[in-house]
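Residue numbers (this note's numbering): 2 to 287. Glycine included, each C-beta is placed from N, C-alpha and C at the ideal position.
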Amino acid sequence: MGCDGGTIPKRHELVKGPKKVEKVDKNAALAARWKYCALSTEKLRRPIVTCDLGRLYNKDAVIEFLLDKSADRPNSEVVSHLRGIKDIKELNLTDNPAWEGERRNTKGDRYEDMHCAMFICPVVGLEMNGKHRFCFLRTCGCVFSDRALKEVKTEICHKCGDPFKEEDLVVLNGTKEEVEKLRKIMEEKRAKAKATKKSKKSKFAETVSKPSESKAVPGPSGSSSSSKVVKPLAASGSLAESGSKRSIQSMEEKSETYKSLFTSHSSAKRTKAQTSNWVTHTPYHF
């Protein structure tokens with residue numbers, strides 16, 4: 002039956018209470034967001050892309066999702082806002098020279114620092130491990146730390162030299178408040194693009210439906226340009242008529258020369274003065 006041999010059980014061994022909620026380490030959670038794909042939960046590898054909300058994905062995982070959205074995926078709600086390949090941007094990242102990757106700990110007998118990141122800021126040198134705030138540019142896709150953008154204020158990208166504005170800056174892996182703010186900006190931008198597209202379609206339909214009306218434009222002398230256009234047209238008509246008459250005359254001349262080759266034609270016949278008084282066997286004697 003137990004409890005023999007002088008053992009004294011304690012209360013927590015006999016009575017089962019409610020389970021304690023396991024607390025997730027904040028540092029480990031932050032490192033995971035910067036090292037793993039938000040969609041496939043695999044390790045990030047180049048090419049790495051992001052969306053308007055600042056989440057990090059592997060490009061091949063996003064393409065697979067866009068090709069087959071009906072497939073069941075565990076994190077499909079994370080990319081529910083993606084409509085096509087235009088909604089993602091490939092990042093231009095700077096490698097960390099101090100990161101050795103999986104080659105360092107192949108045997109599993111060495112300490113692996115979770116805060117050592119694959120990429121760093123090209124200006125300040127801070128690591129992308131979740132401890133520091135990072136942003137990317139919509140124009141070129143270059144990634145910088147927030148500290149570098151504050152210390153070195155410029156309107157030109159530090160890495161590639163392309164110009165940018167403050168509106169082009171997007172926070173990577175931001176807080177809930179920052180993500181909601183980015184979501185509102187994304188929805189407003191899509192609504193504006195949709196409205197402009199509708200207006201262009203309506204303008205195009207109006208131009209097609211209305212017949213093209215030729216309006217007389219007043220010239221420098223006050224007279225309309227339409228009256229000036231008639232004269233060259235009339236001149237061109239007279240030229241065409243004269244050209245047609247000349248062509249008819251040339252055709253008649255050609256036919257006459259062709260007919261004169263035969264003896265039966267009037268031009269080939271001799272007059273009475275040209276004919277001789279005696280009969281010969283010449284073919285020209287008629």
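Separation of residue j from residue i, as counted between CA atoms
i	j	result
residue 189	residue 47	31 Å
residue 56	residue 62	13 Å
residue 218	residue 207	In this predicted model, residue 218 has a pLDDT of only 49, less than 50, meaning its place in the structure is not dependable; the value taken from the coordinates is given anyway. Answer to the nearest angstrom: the Cα atoms are 23 Å apart.
residue 183	residue 199	25 Å
residue 127	residue 58	21 Å
residue 147	residue 129	11 Å
residue 158	residue 174	21 Å
residue 37	residue 49	11 Å
residue 122	residue 100	14 Å
residue 186	residue 20	42 Å
residue 180	residue 120	22 Å
residue 16	residue 9	14 Å
residue 14	residue 24	23 Å
residue 196	residue 210	21 Å
Nearest neighbour of residue i, chosen from the options [CA to CA]
i	options	result
residue 97	83, 89, 87 and 118	118
residue 139	196, 182 and 92	92
residue 51	194, 9, 141 and 195	141
residue 81	70, 161 and 87	70
residue 73	45, 156, 41 and 60	41
residue 176	134, 163, 75 and 10	134
residue 90	169, 18, 22 and 76	169
Beta-ladder partner(s) of residue i, from DSSP
i	result
residue 170	138
residue 143	93
residue 164	157
residue 128	121
residue 50	58 and 91
residue 202	Answer is none; residue 202 lacks a bridge partner.
residue 44	37
Beta-carbon gap between residue i and residue j smaller than 8 Å
i	j	result
residue 79	residue 39	yes
residue 94	residue 144	yes
residue 124	residue 153	yes
residue 192	residue 116	no
residue 88	residue 53	yes
residue 150	residue 136	yes
residue 34	residue 102	no
residue 1	residue 85	A query on residue 1 cannot be resolved here, the shown segment of the chain reaching from 2 to 287 and no further.
Residue span of the alpha helix (DSSP H) that contains residue i, given as start and end
i	result
residue 59	Residue 59 -> not in any alpha helix (DSSP H); beta strand (DSSP E) instead, spanning 57-59.
residue 14	12-15
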